[in-house]
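Single-structure report; data block below.
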Amino acid sequence: MKIANKISISFLSVVLILTGIAVPIFYLIAKDSLQKSIYNNLDTAVVSRANHIETYLKMLEISVGQLSKSTALENLLKINGKGDPRQADAFAQAMMRLKRTKEANPAIAEFMLMDKAGKVAVSSNESSIGSDKSADLIFLGGQKGSFIKDVYFSEVYKEPLLAVSTPFLDSQTDELLGVLAARVRLNDLNNIVTEKTGMGDTGKIYIVNKYGYMATPARFKEDVVLKQMVDTENVRKARLHKGREHPLSGEKKINVFPDYRGVLVLGAHEYIPQMQWVVLAEIDAKEAFAPLSKLRLIFLIVLFIVPIAAWLLGIFLAKLITGPLQRLHKGTEMIGFGNLDYKVGTNAKDEVGQLSRAFDTMTESLKQTTVSINTLNKEIAERKASEEALRESQERYRALVDNTILGVTVIDTDYKIITTNTMLAKLFNKPASDFVGKDCFREYEKREAVCPHCPGVQAMASGKTTEVETQGLRDDGSHFSVRNRAIPFFGPDGVVKGFIELVEDITERKKAEEKLSKALEKEIKTREIMTSMLDDTNRVREELEGKLQELKRAQDMLVQSEKLASLGSLVSAMAHEVNNPLMIISGNAQLCLMEDIQNDEVKNNLKIIFEECHRAKDIIQRLLKFSRPSKGETKEVDINKSIEATVSIVAHQFKLVNVEIKRNYLKNPPLISIDEQQMQEVFINLINNASEAMPGGGAITITTSLEGDFFRIDFKDTGCGMSEEAKKKLFEPFFTTKEKGTGLGLAVCYGIIKAHNGELKFESKLNKGITATVLLPLGGGKA
Amino acid sequence: MHKILVVDDEPGIIKIFETFLIKNGFEVIKAPGGKEAIKILNSDTKIDLMVLDMKMPKAPGIDVINEMVRINKKIPAIILTGSVDAEKYFIDLKALGYSHEDILYKPADLFELLKLIKKKLGIA
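The listed protein sequences derive, respectively, from chains B and F.
Each residue of the first sequence is one higher than the one before, starting from 4 at the first, in our numbering.
Each residue of the second sequence is one higher than the one before, starting from 3 at the first, in our numbering.
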C-alpha cells in the first residue's frame, strides 16, 4: 500500500471511530434532556390544574354551605308537612331564595332542599318537588357533612353533572333538619381542565374518575364523558402513586406509553384524593420529540461530512510527505539508467531533504569509480580474445582425437589417467569424464597394480613406442580384445611426463578367427547327433503316451472325488433320520427279549432284529466317518510307532493265513500332527486289504519315507493286483470285490486322509501286486 | 432309589428308556426337549444322572449342558447322538469335562447304556 493511502486511511479511521462514538452519545444526552424538560412542563401543568380543580370543588362546597344558612329555607323545613297555615308562604319564600341564587350562578342546574326523610321539600326545578331522594347519594352523603357526588349522567337534564350536598342544621339546636343539594353543570370544570394554553398541537388534559372513565371531554374524540374507559400506564401509576398523598412512593415520572387511543404519548399525572380522580396531562410523542428528528438530521450530516473532510485532509498531508520521496525515487531511476549527472538534492531541512543530498554525494563518488572500471574492462577484453584463440586450438585438437577410430588415453608417470577420448569411453560403455584422475590399471583391466604387460612402462623407460595385445575389462564383467600402442611424451626439460596409449578394438577379428575353427568342430559333432536323435524321438513319444494316461487317470480321480463329496453330505443328513427309528426298533426288540418268552423261534427272531439294527448302525457310522468334515482331536505322533501299534493287532491273525509283514521304517521320523485314532483305522484297512489280496499268503512291505513336504507310507503286497474297473471305482462307497465287504473301507480311508490334507493313491500292475501309498503333510496340514 | 432324567425329542425312544430303566430299579423323569430339561434342572435338586439326546429341534443338548455349567449344577450325563453332533461339539464338551466315554451312538444297546449308568453312579 502506498504511504499516502496509509496516512489517509489511518486519518479516516481515527475520525470515523471518534465521530461514531461521540455522535450517538450526544444524541442520547440530547434526547434525555429533551424528554426531561417536556415531562417537567407536563408535570407542572398537571399539578397546577389539579390544584385549580380542588380549589373549584372547595368553592362549590362553600357556596352550598352558605346557602344552608338561609333562614327562609330553615323556616320551611321546620313547618313543612305539619299542616301549619304558614306553610304556603314559607314555601314561596324558600322557592324564591333558591331560584334567585340559581340565577346568580349560571353553572348551577338546580338547587334542591330535602327534608329529614329525603323527600324534596323545595327545588329550583318545580318538577322535582315531592320526589323521594332518600336513597340518592346526594341525600345520603350530605347528611354527615359536605359531600360532592362524582360526575354522573342526569336523566332529567340529559347531561353529565356534579352534585354538591351539605347537611341543613337547625340554627339554634344544630339538629339535622334536612339536606341542601346543588346539581352543578360541568362547564366550569371543563374550562379549567381543557384549557390548552402551552399544550402545543397535541397536548391534552383530562380527568379520569375512580371507575376509570373519562369525566371531562377529550381533545381528539367526541362524546367520551363517562363512556371512554381509560386504562393506560399513566392512570395505573397515578393510582399507585396517589400524588401528594404519598409523595415518596416511587418514581412519578413515566416513559413513553400508548394512551387510550393507542397513540404513543409522553405524560404526567396528579391524583385528587377527595374525588379519587386522576388528572392526566399527555402530549403525543411525535410532537414532543419533533426537535429530536431535526437534531438527528444534523448529526447525520456531521457523520457524513466529517469523514470526507478527514479523507481529504489525509490525502493532502500524505502528498506533503511523499512528494519529496517520489522525486528521490525518480532520481534513483535516472542514475540507474546511467545518467550519473542527474541531481536529486533539495534544500528541504527535513529528513527527506538530508537523504536526497546524501544521495547526490553518493552519485558523485560512483561516477569516479566507474571511470576506473572502464580501463579494467578493456584489459579483460584483450585477455578474453587470447584465451578464445587458445580454446579454439584446443577444440580442434580435441575434435581430432575424439573422432579418430582409435581409442586414445593420456596417462601420467603415476599411471593416473589425464584424459580419454570418446572412442575409448565408448569401448568401456562409460562417459569419458569418469576416467579422469583414476588409475589406468583399475579402470581398463580391473587390476590392483600396474599391468604386467603394460606397454607404457617400457615406452617410458625406452622413450620408444611399444605395442602389446591384451584384453579390456568393462565394469559389467564383459571383455574385449585390444591392441595397445604406448607413445611416451616429454616435458620442456626433456624429462618423460607420461605416455599416450592408442587402443584398437580387435574383438571382431578375434571372433572371426575362433568362429572358423569352431565351425569345423561343429560339423563333425552334428553328424554324431543326427544319428542319436532318431532314437530320442521314439523315446519321447513313449513318454508322452505314458503322461497322457496319467493325466487321464488324474482326471478320473478328480471326477470321483467330487462325486464322493456330494454323496457324503447326503449320507450325513440321511443317517441322522435313520438312527432314531433304528433306536426304537432295537430298543423295543431288547425290551421284548427281557420278557419271559417260551417260543425259541420268536426269541431268535427278536435277536436277529436287534443284531441287524446294529449292523445298520455300523454301516451308518462308517458312512458318517467317510463324510466327516474335519479331523477330530489331533496330536503330534511318531507315525512308525502308530503303524507298529496297528500291526501288532493283526500280526497274530496274519500268521494263520501265512502273511508275512516286512518293515522298512525311516529312522528318526519327524512327528506329525494327526488324529491318531482315525489314522490307525486307515492303516488297518490298508493292511487288511493287502492281506485279503493274497489268499494264498505272501508278504506286506511297509515303507516310510520323506517325499518333499510329505511323509510317505507305502503298503506293498505280493498279490494279484486289480482290474481296471476296480481301479476306477476304488473309492466309491458300497463298491467291493469281496464277498462279505461293505464297500466302505476305502471310502472311509479316503475321507480321513482328505481331512488331513493328505493323499491316498494306488499303483497296481497285474500279477505284480498293489502298492497303497499314503502321503501326509509334514506341517500337519490345516484342516 | 436313583433318579434319572431322560431327555429326547422322540416319544418312542423316551418310552423305551423309561420302561427299561424302571425295570432296572431307577426312578425316571422325562423331558421331551432341551427347554423342558433346563426347567426341570432348575427346579428339581435330586436328579442323579441325565441321559441327553444331542440333536433336538428347539434347544439342542449342548444348550442343556451349557445351562448346567451356568447354574453351576453339574450332574453326570450320558450323551446320546444319532449323528456327528457330538463330534461337532466335542471340543466344547471336553472343555466342560466330558470325554468320549460319555457318548453313546444311536441305536444304543440298552445293556451297554445300563452298564455306563451304573459305572457313572458308582454302583456295581
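Just so you know, even glycine gets a beta-carbon here, dropped at the ideal spot from N, CA and C.
Name, please, each residue of chain B whose Cβ falls closer than 7 Å to the Cβ of residue i.
{"i": "I18 (chain F)", "result": "I587, G590, N591, L594"}
{"i": "K5 (chain F)", "result": "Near K5 (chain F) there are no residues of chain B at all, since even the closest Cβ is about 21 Å away, more than 7 Å."}
Using the beta-carbon of each residue, which ones in chain F are nearer than 8 Å to residue i?
{"i": "K768 (chain B)", "result": "Chain F residues near K768 (chain B): none, gap ~39 Å exceeds 8 Å."}
Buried or exposed for residue i, going by 16 or more other Cβ atoms inside 10 Å?
{"i": "V238 (chain B)", "result": "buried"}
{"i": "K25 (chain F)", "result": "exposed"}
{"i": "P59 (chain F)", "result": "exposed"}
{"i": "Q831 (chain B)", "result": "Residue 831 (chain B) lies beyond the range of chain B shown here (4 to 786); nothing can be said about it."}
{"i": "E273 (chain B)", "result": "buried"}
{"i": "N667 (chain B)", "result": "exposed"}
{"i": "D603 (chain B)", "result": "exposed"}
{"i": "G317 (chain B)", "result": "buried"}
{"i": "H332 (chain B)", "result": "exposed"}
{"i": "L118 (chain F)", "result": "buried"}
{"i": "E446 (chain B)", "result": "buried"}
{"i": "Y400 (chain B)", "result": "exposed"}
{"i": "K785 (chain B)", "result": "Annotation note: pLDDT 43 at K785 (chain B) (below 50); position unreliable, coordinate value reported separately. Result: exposed."}
{"i": "F792 (chain B)", "result": "As shown, chain B starts at 4 and ends at 786. That puts residue 792 (chain B) outside it, with no answer to give."}
{"i": "R186 (chain B)", "result": "buried"}
{"i": "S127 (chain B)", "result": "buried"}
{"i": "I15 (chain F)", "result": "buried"}
{"i": "H655 (chain B)", "result": "exposed"}
{"i": "S71 (chain B)", "result": "buried"}
{"i": "F340 (chain B)", "result": "exposed"}
So, does the CB of residue i fall closer than 8 Å to a CB anywhere in chain B?
{"i": "I81 (chain F)", "result": "no"}
{"i": "I15 (chain F)", "result": "yes"}
{"i": "L98 (chain F)", "result": "no"}
{"i": "K57 (chain F)", "result": "yes"}
{"i": "G36 (chain F)", "result": "no"}
{"i": "F22 (chain F)", "result": "yes"}
{"i": "E29 (chain F)", "result": "no"}
{"i": "Y107 (chain F)", "result": "yes"}
{"i": "G1 (chain F)", "result": "Outside the displayed range of chain F (3 to 126) lies residue 1 (chain F), so it cannot be described from this structure."}
{"i": "A110 (chain F)", "result": "yes"}
{"i": "G124 (chain F)", "result": "no"}
{"i": "K25 (chain F)", "result": "yes"}
Are the C-beta atoms of residue i and some chain F residue less than 8 Å apart?
{"i": "H579 (chain B)", "result": "yes"}
{"i": "N583 (chain B)", "result": "yes"}
{"i": "Q681 (chain B)", "result": "no"}
{"i": "M597 (chain B)", "result": "yes"}
{"i": "K785 (chain B)", "result": "Residue placement at K785 (chain B) is flagged as unreliable, the pLDDT there being 43, under the threshold of 50; the coordinate-derived value follows with that caveat. With 8 Å as the cut-off, K785 (chain B) does not count as an interface residue toward chain F."}
{"i": "Q831 (chain B)", "result": "In the structure displayed, chain B extends from 4 to 786; residue 831 (chain B) sits before or after that span and is not available."}
Give me the Cβ distance between residue i and residue j, rounded to the nearest whole Å; I'm assuming they're in contact under 8 Å.
{"i": "A648 (chain B)", "j": "Q683 (chain B)", "result": "7 Å"}
{"i": "D720 (chain B)", "j": "T706 (chain B)", "result": "Rounded, the Cβ-Cβ distance is 12 Å, inconsistent with contact."}
{"i": "F502 (chain B)", "j": "P495 (chain B)", "result": "Their Cβ separation, rounded to whole angstroms, is 17 Å, which puts F502 (chain B) and P495 (chain B) out of contact at 8 Å."}
{"i": "N692 (chain B)", "j": "G748 (chain B)", "result": "7 Å"}
{"i": "Q461 (chain B)", "j": "T473 (chain B)", "result": "The Cβ separation is near 13 Å, so there is no contact."}
{"i": "L409 (chain B)", "j": "M426 (chain B)", "result": "6 Å"}
Anything in chain B within Cβ reach of residue i, meaning under 9 Å, just list it in chain order.
{"i": "E103 (chain F)", "result": "Simply none; closest approach about 14 Å."}
For residue i, return the contacting residues in chain B, with the cut-off set at a CB-CB distance below 8 Å.
{"i": "E12 (chain F)", "result": "N583, M586, I587"}
Practice problem: May I ask you to list, following chain order, the residues of the region 605 to 620 of chain B that have a beta carbon less than 9 Å from some beta carbon of chain F? | Solution: F613, C616, H617, A619, K620
Self-check item: Contacting positions in the region 641 to 661 of chain B - beta carbon closer than 7 Å to chain F
Solution: none
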